[in-house]
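Colleague: Numbering (this note's numbering), first residue to last: 134 to 608.
Using N, Cα and C, we set each Cβ at its ideal position, and we do this for glycine too.
Got a structure for you, questions after.
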């Protein structure tokens, strides 16, 4: 099955010249189609070699930079002890992706002074021609990007948590992955592009040939044939023993009829995310809109995970049985992740299709996870993933999303009279108002309050006599 997910950040190979479809429409929507692969034995071996080459390239650049930083630091200490204020004689290295690519190409081709020497006397990496050159160049770009994040964090120019020096990538400690670029001019025939679908069940990759693909590919193939989707790169990743490919590129905007559907709910709809229910939606009139069952895939799989972990602990390190036990454990985790992702996609897609204005709350999910009593439940509820999907799908469908203030008391405020209950705890699932006597489901009450939220007016809730449909007695 294919999944449509957003791209976080710009694609490195994206050109500045706009790309147009056959009908003259600009391709500006960044998308990724993900498919599961079924490579043959020879392709699996080549995939593993490419993932190892990527690790090798990244570690090569990190080692060079670390040696250079250590040498300059040692020279600074000697100069400071002698009272000299001169700069170290060791020149600093350039951390740009372009410099890394040129340096590694010269090193692996035997053109550098420190290039490896083989047994037959030749210089350079003996196995460099077995793999696509994109593996080394994309890995060089990844290393440069990681070092740039480290440098920006050290200068205080990067938001979020502090980023340290990138870690060296060890086999078995990192997820096997590598990237291939689609070196094709936009607008060319699909049959002439290096990365393309050779038939409905096979994806052709350079150096690998046709690779079997699981799931329907008709949607992507039609977009490519019509010029409505241009592939920038293909990222292959191995998780839980299964290889997947992510086709990243730009697509045309959705059809005008899809972006301006007249049958959407016109009034603002509040979406309250929770643990018992994935989300509850209601409008400002107190009319219940929709409720989606909570995500409990991890809770349901705890028994299987416990048995798989115990079986893994009883195996001998380094044995074939340990590899099989690790694969069974990883397969169970993969099923949990895929099931959770599918449920969240269903909920976010339904809300975007049926609503014109959505109001969600700015939850501090990272802070909520620190509560050791709720860590597992909150992580399984996928609160952050739901909001992420709502935001990018809303942009595609031209749906307005309003983010309520983090301290807006949506759950503690009565949707009937506006009374605020400060003594409401998480275990109370039914909201009972002592002022107006309203008894309503806690999540539905929060959704109604969110639908009435307006920017710069988050402290006020318009009192409304609850309708019959809004009253839910759960006593």
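Are the beta-carbon atoms belonging to residue 515 and residue 423 less than 8 angstroms from one another?
Modeller: no
Colleague: Which residues bound the beta strand (DSSP E) around residue 342?
Modeller: Its beta strand (DSSP E) spans residues 342 to 346.
Colleague: Would residue 109 be called buried (16 or more neighbouring beta carbons within 10 Å of its own) or exposed?
Modeller: Residue 109 lies beyond the residue range present for the chain, which begins at 134 and ends at 608; the question has no answer from this structure.
Colleague: Spatial neighbours of residue 271 within its chain, please: C-beta separation below 6 angstroms, excluding the five flanking residues on both sides.
Modeller: Non-local beta-carbon contacts of residue 271 in its own chain, meaning distances under 6 angstroms to residues more than five positions away in sequence, involve 312 in chain order.
Colleague: For residue 178, count the other beta carbons within 10 Å of its own beta carbon; 16 or more makes it buried, fewer makes it exposed. Which is it?
Modeller: exposed
Colleague: Just verifying my parser: in three-state terms, what is the DSSP assignment at residue 502?
Modeller: helix
Colleague: Within the same chain, show all residues whose beta-carbon is closer than 6 angstroms to that of residue 457, passing over the 5 residues directly before and after it, in chain order.
Modeller: none
Colleague: Under the rule that 16 or more other beta-carbon atoms within 10 Å means buried, what is residue 274, buried or exposed?
Modeller: buried
Colleague: Would you list, in sequence order, the uninterrupted beta strand (DSSP E) runs of no fewer than 3 residues that lie entirely inside the region 433 to 479?
Modeller: none
Colleague: Could you have a look at residue 193 and say whether DSSP puts it in helix, strand or coil?
Modeller: Correct three-state label for residue 193: helix.
Colleague: With a threshold of 6 angstroms on Cβ separation, who are the neighbours of residue 295 within its own chain once the five nearest residues in sequence on each side are excluded?
Modeller: 286
Colleague: Assess contact between the region 526 to 536 and the region 561 to 577, defined as three or more Cβ pairs (one per stretch) separated by less than 8 angstroms. Is contact present?
Modeller: no
Colleague: Under 8 angstroms, do residue 537 and residue 414 count as touching if we go by C-beta distance?
Modeller: no
Colleague: Contact defined as beta carbons within less than 8 angstroms: I believe residue 356 pairs with residue 322. What is the distance between those atoms, to the nearest angstrom?
Modeller: That pair is no contact at about 15 angstroms.
Colleague: How long is the line joining the alpha carbons of residue 257 and residue 265, rounded to whole angstroms?
Modeller: 16 angstroms
Colleague: Cutting at 6 angstroms between CB atoms, please list the residues of its own chain near residue 130, excluding the five before and the five after it.
Modeller: The displayed coordinates of the chain run from 134 to 608. Any statement about residue 130 would go beyond what the structure contains.
Colleague: For the candidate residues 508, 163 and 281, whose alpha-carbon lies nearest to that of residue 366?
Modeller: 163
Colleague: What does the Cβ neighbour count give for residue 592, buried or exposed, with the cut at 16 atoms within 10 Å?
Modeller: Caution applies to residue 592, whose pLDDT of 43 falls short of 50 and renders its modelled position unreliable; the value that the coordinates give is listed next. Residue 592 should be labelled exposed.
Colleague: Using a Cβ distance threshold of 8 angstroms, determine whether the region 457 to 475 contacts the region 371 to 380, with at least three qualifying pairs required.
Modeller: These segments touch.
Colleague: Report the rounded CA-to-CA distance for residue 597 versus residue 431, giving the unit in angstroms.
Modeller: Confidence at residue 597 is low in this model, with a pLDDT of 43, below 50, so the placement of that residue should be treated as unreliable; the coordinate-derived value is given next. Cα-Cα distance, rounded: 39 angstroms.
Colleague: For the alpha helix (DSSP H) containing residue 240, list its first residue and its last residue.
Modeller: 230 to 241
Colleague: Which of helix, strand or coil does DSSP assign to residue 168?
Modeller: Reduced to three states, the DSSP call for residue 168 is strand.
Colleague: Go ahead and label residue 522 buried or exposed: buried means 16 or more other beta carbons lie within 10 angstroms of its beta carbon, across all protein chains shown.
Modeller: buried
Colleague: How should residue 503 be labelled, buried or exposed, when 16 other C-beta atoms within 10 angstroms of its C-beta is the threshold for buried?
Modeller: exposed
Colleague: Per the contact definition of three or more C-beta pairs closer than 8 angstroms, is the region 191 to 207 in contact with the region 222 to 230?
Modeller: As far as the Cβ criterion goes, the region 222 to 230 touches the region 191 to 207, which means the pair count is three or higher.
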